[in-house]
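S.K.:
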Amino acid sequence: VCCPQAKRRGVSGWESSLRQRPTPRIIFQAGISFHHKKKKEDNNMKPKKEVNNLLLAFSTFNIGMGYPHNCKLFTRHCNNYPQDGKGFGLGELVWGKIKGFSWWPAIVVSWRVPGKRLAISGMRWLQWFGDGKFSEVSTDKLVPLTAFSQYFHSSAYNKLVSYKRAVYQSLEIASTRSEMTFPSNERSTLEDSIKPMLDWAFGGFQPKGYEGLKPKEKAGNHPILHSELPSFSCCDFSKFCLACGSTSVSTFHALFEGGLCAVCKDIYLETSYMYDDDGYQSYCTVCCGGREVLLCGNANCCRCFCVDCIDILVGPGSSEEAKVQDPWRCYMCLPHESYGVLRRRSDWTLKLQQFFASDNGQEYDPPKIYPAVPAEQRRPIKVLSLFDGIATGFLVLRDLGFKVERYIASEICEDSIAVGTVRHEGKITYVHDVRNISRKNIQDWGPFDMVIGGSPCNDLSIVNPARKGLYEGTGRLFFEFYRLLHETRPKEWEDRPFFWLFENVVAMGVNDKRDISRFLECNPVMIDAIDVSAAHRARYFWGNLPGMNRPLVASSADKLELQDCLEHGRIAKFSKVRTITTRSNSIKQGKDQHFPVIMNGKEDILWCTELERIFGFPVHYTDVSNMGRGARQKLLGRSWSVPVIRHLFAPLKDYFACD
């Protein structure tokens, strides 16, 4: 049974962050073999299959035309103005503001579009560009889109693909209404397309200004409404974006014959490896969107396909046929490669890795690309974790649903060992000092599928004035990782996937960073946990995990604001906190060293349970062995951010067995 209810924007309590992607869906499944679930409004997709191009040609659209069900953005607008005298009539382009989010471009819509009640006096229903979500917003928090230079958020534009996409969509509508044209070609990137639009917007939308942005009357008579959608059966699919139908293709689709435009490519990079609590992909395998998706019934497959892609690409009514199949096998698991016009690439495993392959530096060859393992051939994973800490790696693997056959952890801190032993019920084998692990040990324990670790950063961090560098003190422990990494690599005759990950602090000397890269033969990826948690935690990651360079995107379970991490009755003074280390004063914020929490009118430190939430750990995860607050903070200060490691490990679901 599917729940159609949709949660409105702006009620999650994020106090002052940039606009975040909302909860993608609420699912209720009846029965163990019912693999059909309905999502709420697609939260980041453009309308599909050329419909986007049709809708952007005019500012209004008759919702009864029968286009795909998720094409609700820019729909059903008319020229009726509200009777409260506060302006902002239907179809107007605006900047809107709701609590917890920055100003965001939107369009005023009728209450019928989201299927809600009439807006109360002084309020308007908005549909946000970029994700298609709806909110009821006070007119006091609305300004015309023409106030572009005052409300454009350059930081959000540079950091958030969703914000850039929203600005692009709003300016396309604005340019169409103003009858402005901008140069473009099939190879244009999103940056190339939006730059002249931004110049026009910052210049005041001349020559027509505000008048040019008003919604057109009688748009239902627009001749384009009567045009036909293109036929896909006879098309060269390399010239079309499979996700939206655009002919401005910038790259290939990794799994199926066809392409992706610049915007959809960014979306695909962001969301194709996002997984929900049920272990399935959060979005459609074809378009990384979809309001309603079908889950593959193959035991080791975690893919889903939206009904729009199925009905449009496979054939009308195909989704209804799929719903009655028990179990239903997806188009990646079925034996044939072609279903309707949806054609699976014969070399999709290689194409998938090429799609995510990143340029890690000119002086190093790209890492070896391992083809994905067919679902029925995947086996449990074996891991060697060096400098394991509090078993973050094991925790994330289990959270993602991986079957872990063996997890060997090298750790010398007794408190860390106690946490891992108690919380994971003895499933981790501890071997203590990394320097005592021999080649024979590796042969006895292995073969390993993955080696992970992050050597101590005390003698590498430039924050430490007494640091000894990479070649002295604890810095030399990096070479223990390097030694054991080479001991565990598959031999030349072994044909199996092998992955590794090394982490360390960003604030290290440039020569130390270059030396580490030279030994590991790759450049690092810098990831800051601020995008998926309530605290800054920038770290370098070297490795060969698939898609390490893809954008870091928060999931619905991530706690992005400090207030979300606090216990009842406690108030956050800051939305985010600085990097939390082993030192107690790292909790204090700002140049005046304020405590980050107010309780009973007084400043207070962060409690241990709150620190655990900030790092993404379960509450009371470190509450073992009668450890005090200081000891628990030291354990957390040396640990990895759980959402970041989840982001890095998620692509491994294509290689190893899951529950």
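Take 1 as the starting number for the sequence shown in the UniProt record's numbering and just add one per residue. C-beta atoms are modelled at their ideal positions from N, C-alpha and C, and glycine is treated no differently.
1. Counting C-beta neighbours from all protein chains within 10 Å, is the total for LEU386 16 or more, i.e. buried, or is it exposed?
2. For SER155, count the other beta carbons within 10 Å of its own beta carbon; 16 or more makes it buried, fewer makes it exposed. Which is it?
3. Across which residues does DSSP place HIS594 in a beta bridge pair?
4. Can you give me the Cβ contacts of GLU92 inside the same chain, cut-off strictly under 6 Å, excluding the 5 residues immediately before and after it?
5. Leaving out five residues on either side along the sequence, give the residues of the same chain with a beta carbon under 6 Å from the beta carbon of TRP640.
6. Determine which residues share a DSSP beta bridge with PRO105 and list them.
7. So is SER121 buried or exposed if we call it buried at 16+ other beta carbons inside 10 Å?
8. Whole angstroms is fine: what's the gap from LYS559's alpha carbon to SER282's?
9. Could you check which residue in GLY630, PRO207 and GLN325 has the C-alpha nearest to that of SER586?
10. Rank PRO497, ASP415 and TYR430 by C-alpha distance to the C-alpha of TYR407 and give the top, closest one.
11. Mind checking which residues open and close the alpha helix (DSSP H) that includes PRO643?
12. Just the Cα atoms here: how many angstroms apart are GLY389 and ALA572?
13. Can you tell me the Cα-Cα spacing of MET197 and ILE173, whole angstroms?
14. What residue ranges within the region 370 to 417 form continuous alpha helix (DSSP H) runs of no fewer than 4 residues, ordered along the chain?
15. In whole angstroms, what separates the C-alpha of ARG435 from that of ILE412?
16. Sort SER238, THR271, GLY401 and LYS351 by Cα distance to CYS261 and report the nearest one.
17. To the nearest angstrom, how far is it from the Cα of CYS284 to the Cα of HIS253?
18. Assuming ASN504 is part of the beta strand (DSSP E), what are its boundary residues?
19. Where does the unbroken alpha helix (DSSP H) through SER162 begin, and where does it stop?
20. Quick test of the definition: if touching needs 3 or more C-beta pairs under 8 Å, does the region 415 to 426 touch the region 449 to 469?
21. In chain order, what residues of the same chain have a beta carbon less than 6 Å from the beta carbon of HIS77, not counting five sequence neighbours either side?
22. Counting C-beta neighbours from all protein chains within 10 Å, is the total for GLY303 16 or more, i.e. buried, or is it exposed?
23. Based on the DSSP output, what are the partners of VAL525 in its beta bridges?
24. How many whole angstroms separate the CB atoms of ARG632 and VAL396, which I take to be in contact at a CB cut-off of 8 Å?
25. Taking Cβ positions, are ARG165 and VAL263 nearer each other than 8 Å?
26. Would you call ASN504 buried or exposed, if buried means 16 or more other Cβ atoms sit within 10 Å of its Cβ?
27. What ranges does the alpha helix (DSSP H) occupy inside the region 446 to 518, keeping only unbroken runs of at least 4 residues that lie completely in it?
28. Using CA coordinates, which residue listed in LEU501, PRO524 and PHE502 is at the minimum distance from VAL510?
29. With a CB to CB cut of under 6 Å and the five nearest residues on each side skipped, what residues in its chain are close to CYS608?
30. Can you confirm whether the region 444 to 454 touches the region 475 to 492 when touching is taken to mean that 3 or more C-beta pairs between the two stretches lie within less than 8 Å?
31. Please state the DSSP three-state secondary structure of SER138.
32. Is PHE478 near ILE516, with beta carbons less than 8 Å apart?
33. Over the uninterrupted alpha helix (DSSP H) stretch that includes ARG124, give me the two end residues.
34. If you draw a straight line from the alpha carbon of ASN53 to that of SER162, how long is it in whole angstroms?
35. What separation, rounded to the nearest whole angstrom, lies between the Cα atoms of PHE148 and GLN169?
36. Measure the CB-CB distance between LYS116 and TRP125 and report whether it falls below 8 Å.
M.R.: Looking at the atomic coordinates:
1. buried
2. exposed
3. GLN589
4. VAL108
5. THR392
6. TRP95
7. exposed
8. 18 Å
9. GLY630
10. TYR430
11. 642 to 649
12. 29 Å
13. 11 Å
14. 392 to 399
15. 11 Å
16. SER238
17. 13 Å
18. 499 to 505
19. 161 to 177
20. no
21. Confidence in HIS77 is poor, its pLDDT being 37 and thus under 50, which makes the residue's placement too unreliable to answer from.
22. Looking at the sequence itself, residue 303 is Arg, so the reference to Gly does not match. By the 10 Å Cβ count, ARG303 comes out buried.
23. PHE541
24. The Cβ separation is near 20 Å, so there is no contact.
25. yes
26. buried
27. 477 to 488
28. PRO524
29. ARG629 and ARG632
30. yes
31. strand
32. yes
33. Here ARG124 belongs to no alpha helix (DSSP H); instead the beta strand (DSSP E) covers 123 to 128.
34. Below a pLDDT of 50, predicted positions are generally treated as unreliable, and ASN53, at 35, falls in that range; the measurement from the model is reported next regardless. The alpha-carbon atoms of ASN53 and SER162 are separated by roughly 19 Å.
35. 14 Å
36. yes
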